[in-house]
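Everything below concerns the one structure shown next.
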Amino acid sequence: MTASNPAVGRPAGPKPSLRRRGSRGSILADHAATVALWGTGVLVLVILGAIILHFALAAWGVVSPSFILGDPSRTTLGGVLPILWNSIYILVLTMLIAVPLGILAGIYMSEYAGDNIATTAIRFAEESISSVPSIVVGLFGLILFVDDFHWGFSALGGSLALTFFNLPLMTRLAEQALRAVPQEERSASLALGATKWQTIRHVVLPLAIPGLITGVILTAGRVFGEAAVLLFTSGVGTPQHYNFLNFDLTSVASPWSPFRPATTLSVYIWNLNSEGLGAFKTQIIDGSAAILIAIVLIFNLGARFIGRVLTRRLTAA
Amino acid sequence: MPTTVAYPEPVLRPIEVTTSQAGADEFAARTQDVKISTDRVSILYGEKVAVRDVSLTIQERSIMALIGPSGSGKSTFLRCFNRMNDLIPGASVKGEVCLDGENVMETDVSVVELRRRVGMVFQRPNPFPMSIFENVAYGPRRRGQNDRRKLDELVETSLKRAALWDEVKDDLRRKSGLALSGGQQQRLCIARVLATDPEVILMDEPASALDPVSTLRIEELMRELREAYTIVIVTHNMQQAARVSDVTAFFTMAEDRAGYLVEVGPTGRIFTRPNERLTEDYISGRFG
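Protein sequence lines, in the order shown, are assigned to chains A and B. Numbering-wise, our numbering comes out as the position in the first sequence, counting from 1, plus 1. Numbering-wise, our numbering comes out as the position in the second sequence, counting from 1, plus 1.
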């Protein structure tokens, strides 16, 4: 039996060769795209590598146990532990406030809110706050927490101002992470008679963990790096000796108190660089920068690791 | 010199149906009461009518097949039995859907309780990314069952009923539900539904993503399950409808593209002596 429908048959003529692979232009464009995309990917790695390498070399010989643990001073080399402590303290405090709030708001935006005026307004607010210059957020914190609330410069005021600044980002990233969970997973759970909250708690959230961790990392990065907001809210000062055994939370001398002024590493680096006079100014800046980078890397890798463990525990797979 | 391969003309094989008196007697003995009845059910997506005025009854411990061309609203209709249409923004259902005589469309009906009694198996196998054990234990756990011994027992019986136990019993807790083959995943999804102890199981083209061997296993399973459960299956595969179902309902699309029920009757009769011309055209392959 041969093909009898003339409309379906191929016109007669030489068979095309498989060796001819499209026009010269399209082949060139294909190669160009491969090179450009590959190249930009490598560029990102090179930039990160260059930053790390620069500060690793600059800090070589500066960062030592005494540089971190030594007696705090501006005029000798060393003693950044109190500053380092403040950075971590403000980070933890901010994350304790911003991450739960961001995830709850993200759940609302992804699972409960429909498309209406309220959600449009919330999205607009998210984008607007994120693009407000951080120095302005800092000023707002200064007026609200330092002056109106009479807290003075405080770690808590800094953390709350940072929360203003970071909550929109955390909310948006949490919403995106939750939305990325396939609808089928929700249907499967609801069809088994699970309630909406059970579905969110046991299916949607566990599956969104990798995306949520990305949100936490990006938010935390802004906390570590932020100087402008904290300048006006948690204050600028010289490293002071902390007595870590002082657990009196009402005392401004206690390193555990949220109501004490707290200069962070980023603020310290900025301050030294713009006003510092000491003999070891450059070394202290380089060493502090290297420590800051190391902490950011440790935090990011740690967050990924915890995310993986959590995913495995919650989904048991 | 090109070689011409002659393929045989496609043959429309007649659909084999058992219309023996013994089969009819067995069906009559198996089922007495009406499990589900619908009265003039219409489903709308916004202004658009997707399903119009469907009234039918489904007997307890029987398999009803919903067949018809794409877009005839059979899946949409199926989803009103467990109110999964509630999840679709803009969808509304009119008319009555009664489970054991109780209208499930009433606003004070708990959909959570309804969905426990009316389970659902989806077209694409969708196990949770959890262990096999946790997949089956999901429903009972959400209802507060956390007793380890009882869960063990429930998971075992459910997997046995779904004819999956022997294949997975050695790595229940170690293996992810997603690591199983497509056919096994679908049986896992059935086991997951069975673990919630439902009365009705809705199946939305449960075998359309599976290979023929897995399809036959699912069909065998359905025939075993009908001894205890009421099953409603949507299928594109008419052989499948003929092989497994007791009663067949044929849907098609009206000119305004709204789906409607053309006729419903014992599967043997629908496939051999349909009352309606539309049904005959569809099952003989002249349409759809």
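No residue lacks a Cβ here, since even glycine has one placed at the ideal position from N, Cα and C. Only a predicted model underlies this, so the values are computations on that prediction, with no experimental measurement involved.
Could you check whether the Cβ of residue i sits closer than 6 Å to any heavy atom belonging to the ligand ZN?
| i | result |
| --- | --- |
| R270/B | This structure lacks the ligand ZN, and indeed carries no ligand of any kind. |
Closer than 7 Å, CB to CB, is residue i near chain A or not?
| i | result |
| --- | --- |
| T108/B | no |
| V235/B | no |
| V113/B | yes |
| R116/B | yes |
| G140/B | yes |
| R149/B | no |
| N127/B | yes |
| T197/B | yes |
| R143/B | yes |
| M121/B | yes |
Quick one: give me the first and last residue of the alpha helix (DSSP H) that residue i is part of.
| i | result |
| --- | --- |
| M223/B | 213-226 |
| R53/B | Per DSSP, R53/B belongs to no alpha helix (DSSP H); it is in the beta strand (DSSP E), 49-60. |
| R149/B | 149-162 |
| F252/B | F252/B -> not in any alpha helix (DSSP H); beta strand (DSSP E) instead, spanning 248-254. |
| M121/B | Element bounds for M121/B: not the alpha helix (DSSP H) but the beta strand (DSSP E), 119-122. |
| C190/B | 183-195 |
| Y269/A | 266-276 |
| M96/A | 82-108 |
| D148/A | That residue, D148/A, is in no alpha helix (DSSP H); it is neither H nor E in DSSP. |
| I284/B | 278-284 |
| S93/B | First-last for S93/B: 92-100, but that is the beta strand (DSSP E), not the alpha helix (DSSP H). |
| D116/A | Note, D116/A: premise wrong, no alpha helix (DSSP H); not H, not E. |
| M239/B | 239-245 |
Distance cutoff 7 Å, beta carbons only. Does residue i sit that close to anything in chain B?
| i | result |
| --- | --- |
| L206/A | no |
| E1/A | Residue 1/A falls outside the range modelled here, since chain A spans only 2 to 318, and no answer is possible. |
| E176/A | no |
| G194/A | yes |
| A189/A | yes |
| E227/A | no |
| E185/A | yes |
| Q319/A | In this structure chain A extends from 2 to 318, so residue 319/A is not present and cannot be described. |
| Q241/A | no |
Could you pull out every residue in the same chain whose Cβ sits closer than 6 Å to the Cβ of residue i, ignoring the five residues on either side in sequence?
| i | result |
| --- | --- |
| M2/A | Low local confidence applies: a pLDDT of 44 at M2/A is under 50, so the model's placement there is unreliable, with the coordinate-based value given in what follows. Cβ within range, chain order: n/a, list empty. |
| A196/B | V137, G140, P141, L155, S159 |
| G288/A | A60, V63, V64, F68 |
| L293/A | L266 |
| L311/A | I210 |
| A228/A | S267, V268, W271 |
| S38/B | T58, C99 |
Taking the straight line between their C-alpha atoms, what separation do you get for residue i and residue j?
| i | j | result |
| --- | --- | --- |
| R244/B | N276/B | 20 Å |
| N87/A | V230/A | 15 Å |
| S129/A | I123/A | 10 Å |
| A318/A | G216/A | Its pLDDT being 46, under 50, A318/A is placed unreliably by the model, and nothing is read from it. |
| L44/A | V36/A | 12 Å |
| L92/A | H242/A | 20 Å |
| V52/B | A189/A | 24 Å |
| F141/A | A162/A | 8 Å |
| I108/A | A119/A | 15 Å |
| A66/B | T249/B | 5 Å |
| D1/B | L226/B | Shown here, chain B extends from 2 to 289; a query on residue 1/B therefore has no answer. |
| R309/A | L208/A | 11 Å |
| L82/A | E112/A | 43 Å |
| L273/A | I84/A | 13 Å |
| T273/B | L203/B | 26 Å |
| T95/A | E185/A | 35 Å |
Beta strand (DSSP E) containing residue i: first to last residue?
| i | result |
| --- | --- |
| K267/B | Just to set this straight, residue 267/B is Pro in the shown sequence, not Lys. Run containing P267/B: 260-267, per the beta strand (DSSP E) assignment. |
| A66/B | 64-68 |
Can you name, in chain order, every residue of its own chain whose Cβ lies under 8 Å from the Cβ of residue i, other than the five neighbours on each side?
| i | result |
| --- | --- |
| A304/A | I214, V217, I218, A221 |
| R118/B | L100, P199, E200, V201 |
| F56/A | D287, A290, A291, I294 |
| V42/B | V52, D54, V55, S56, F78, C81, V94, K95, G96, E97, V98 |
| E220/B | A208, Q241, R244, V245 |
| R223/A | L163, F166, N167, L170 |
Residues in the same chain with beta-carbon distance under 7 Å from residue i, minus the five sequence neighbours each way, listed in chain order, please.
| i | result |
| --- | --- |
| L329/A | Outside the displayed range of chain A (2 to 318) lies residue 329/A, so it cannot be described from this structure. |
| H237/B | E206, S209 |
| S131/A | P169, L170 |
| F300/A | A221 |
| Y90/A | A156, A263 |
| L19/A | none |
| said: Does the contact criterion of 3 or more C-beta pairs under 8 Å hold for the segment 120-135 of chain B versus the segment 184-197 of chain B? | reply: yes
| query | Touch check for the segment 172-188 of chain A and the segment 262-269 of chain A: three-plus C-beta pairs under 8 Å? | reply | no
| request: Assess, as a yes-or-no matter, whether the segment 248-258 of chain B is touched by the segment 66-78 of chain B under the definition of 3 or more beta carbon pairs within less than 8 Å. | output: Touching, yes.
| query | Do the segment 154-161 of chain A and the segment 162-175 of chain B meet, that is, are 3 or more Cβ pairs less than 8 Å apart? | reply | no
| Inter-stretch contact (C-beta, 8 Å, three-pair minimum) for the segment 139-156 of chain A and the segment 198-205 of chain A | no
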